[in-house]
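Quick note: the sequence shown uses the working numbering, first residue 992, plus one each step. The beta carbon of each residue, even a glycine, is placed where N, CA and C say it ideally should be.
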Amino acid sequence: MSAVISIRGLTKRFGSKTVVDRLDLEVPQGAIYAFLGDNGAGKTSTIKVLVGMHPPDGGTAKILGQDCWSKAISLRHRVGYVPERPRFYEWMTVAEIGWFTSTFHRNGFLGKFKEAVAYLGLDAKKRLRDLSKGGYARVALALALAADPEVLIMDEPTSGLDLLTRRDFLASLVDRAAEGRTVFISSHGIAELERVASHVGLLNNGKLIMSGTVEEVKSHFTRLLFRVQGDAPDLTNLGVVLHRQNLGKQVEILIQSPINGIAEKVRNYPGVTDLEESVPSLEDIYAAVMRHVGLASKGASQ
């Protein structure tokens, strides 16, 4: 499939600090791309370049084949954006912000906005200053969906939403992807994202450390759970041990790039019994990888 979002060597700096460091990333049409990273990893800065809020300091960023900075105005009719912290004219009502925003968009925006307001359970007559954090987030979602965008870019869009609304909204993204639309979403709700995401990228200190389909990424990891009598076996030659937890005689490990037949080899170690092998969740992979990268960076700086 063709790349709807294409980033090549993207660099973004603020003063002397590099927040996005020569980033390469592609998102195919119809993908739901989960863009993951800790606070300060460069996710929001990358997103702001994609939606034309900041120019890149190096490299390129394109959506639908158009440069995100020089073609930012025309792309706004094709790209929906939900910021992490939306800000509106708070003296307006929900209905008024929809009408006001519609004047910058094509015909049909206001009707779609009203549909989204009803779907998200918003009171159109309520003033924005009187909304809860969740209500504010719903307005931002309604405005993004009203443009019926080909590409939907969201930065922590479900923050403040209740559980059922979050699940319903994330499930609706699957329908959008099935229509050939593309979703690029940054969120800390990794377990919920795993249920709908087709692709994932892990960002650390402005650099992409892992990217691919969810299945591809997970195929590089395995979890082993076993009991051991005596000394625990040395597993360093069987892959990269990212996480290890000892609970009495029970050992749980998460390994990246395991060798073929790792479970059988561990099963044959003296004292090992009750071995189970499983595929770790995306959330567990994320936590283990980020912890490992953090420890490696700390060790290199010492």
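For residue i, does the three-state DSSP call read helix, strand or coil?
i        : result
Ser-1061 : coil
Ser-1177 : strand
Val-1142 : strand
Asp-1012 : strand
Ile-1250 : coil
Glu-1268 : strand
Ala-1032 : coil
Ala-1025 : strand
Glu-1147 : coil
Ser-1292 : With a pLDDT of only 45 at Ser-1292, under the threshold of 50, the placement of this residue in the model should not be trusted; the figure read from the coordinates follows. Looking at Ser-1292 - three-state DSSP - the assignment turns out to be helix.
At what residues does the beta strand (DSSP E) containing residue i begin and finish?
i        : result
Thr-1002 : 994-1005
Arg-1172 : Careful: Arg-1172 lies outside any beta strand (DSSP E) and carries neither H nor E.
May I ask whether a heavy atom of the ligand GTP can be found less than 8 Å away from the beta carbon of residue i?
i        : result
Gly-1043 : Looking at this structure, you won't find the ligand GTP or any other ligand, since it has none at all.
Given residue i, which residues of its chain have a CB within under 7 Å of its CB, disregarding the five upstream and five downstream residues?
i        : result
Gly-1028 : Lys-1034, Leu-1193, Leu-1194, Asn-1195
Lys-1117 : Thr-1084, Val-1085
Pro-1074 : Ala-1131, Asp-1146
Asp-1265 : Phe-1217, Arg-1218
Gly-1171 : Gln-1020, Gly-1021
Ala-1138 : His-1068, Gly-1071, His-1096, Phe-1100
Pro-1348 : Because the chain in this structure spans residues 992 to 1293, residue 1348 falls outside the shown range and cannot be described.
Trp-1090 : Leu-1101
For residue i, is the classification buried or exposed, using 16 other Cβ atoms within 10 angstroms of its Cβ as the cut-off for buried?
i        : result
Tyr-1072 : buried
Asp-1114 : exposed
Lys-977  : An answer regarding residue 977 cannot be provided, because it is not within the stretch 992 to 1293 covered by the chain.
Arg-1154 : Residue 1154 is actually Leu in this sequence, not Arg. By the 10 Å Cβ count, Leu-1154 comes out exposed.
Pro-1046 : exposed
Arg-1097 : exposed
Phe-1160 : buried
Phe-1095 : exposed
Arg-1282 : exposed
Gly-1221 : exposed
Gly-1290 : Here the model assigns Gly-1290 a pLDDT of 48, short of 50, so the residue's position is not dependable and the matter cannot be decided.
Gly-1252 : exposed
Ala-1279 : buried
Ile-1176 : buried
Ala-1169 : exposed
Arg-1167 : buried
Pro-1140 : buried
Leu-1134 : buried
Since residue i is in the alpha helix (DSSP H), which residue starts that stretch and which ends it?
i        : result
Ile-1253 : 1253-1258
Arg-1129 : 1124-1137
Cutting at 8 Å between CB atoms, please list the residues of its own chain near residue i, excluding the five before and the five after it.
i        : result
Arg-1214 : Glu-1243, Ile-1244, Leu-1245, Ile-1246, Glu-1268, Ser-1269, Val-1270, Pro-1271, Asp-1275
Lys-1019 : A small fix is needed here, since residue 1019 is Pro in this sequence, not Lys. Once the five neighbours on either side are set aside, the close Cβ partners of Pro-1019 are Met-992, Ser-993, Ala-994, Val-995, Thr-1173, His-1190.
Asp-1048 : Thr-1002, Lys-1003, Arg-1004
Arg-1157 : Thr-1149, Gly-1180, Glu-1183
Glu-1185 : Ala-1025, Val-1205, Ser-1272, Leu-1273, Glu-1274
Ser-1065 : Gln-1057
Trp-1082 : Arg-1118, Leu-1119, Arg-1120
Keeping to the same chain, check which residues put their C-beta closer than 6 Å to that of residue i; ignore five residues upstream and five downstream.
i        : result
Ile-1088 : Phe-1079
Ala-1022 : Thr-1173, Ser-1189, His-1190
Ser-1202 : Gly-1192
Lys-1198 : Asp-1012
Ser-997  : Glu-1017, Lys-1053
Leu-1226 : Val-1232
Ser-1036 : Lys-1003, Val-1010, Val-1011
Is there at least one Cβ from chain B nearer than 9 Å to residue i's Cβ?
i        : result
Ser-1177 : Of the protein chains in the structure, only one exists, and it is not chain B.
Taking only runs that begin and end inside the region 1188-1245, name each unbroken beta strand (DSSP E) of 3 or more residues, in chain order. 1190-1195, 1198-1204, 1212-1219, 1231-1238
Pick out the complete alpha helix (DSSP H) segments inside the region 1037-1122, 4 residues or longer, and give them in chain order. Taking only runs of at least 4 residues, the alpha helix (DSSP H) segments lying wholly in the region 1037-1122 are 1063-1066, 1085-1093, 1100-1110.
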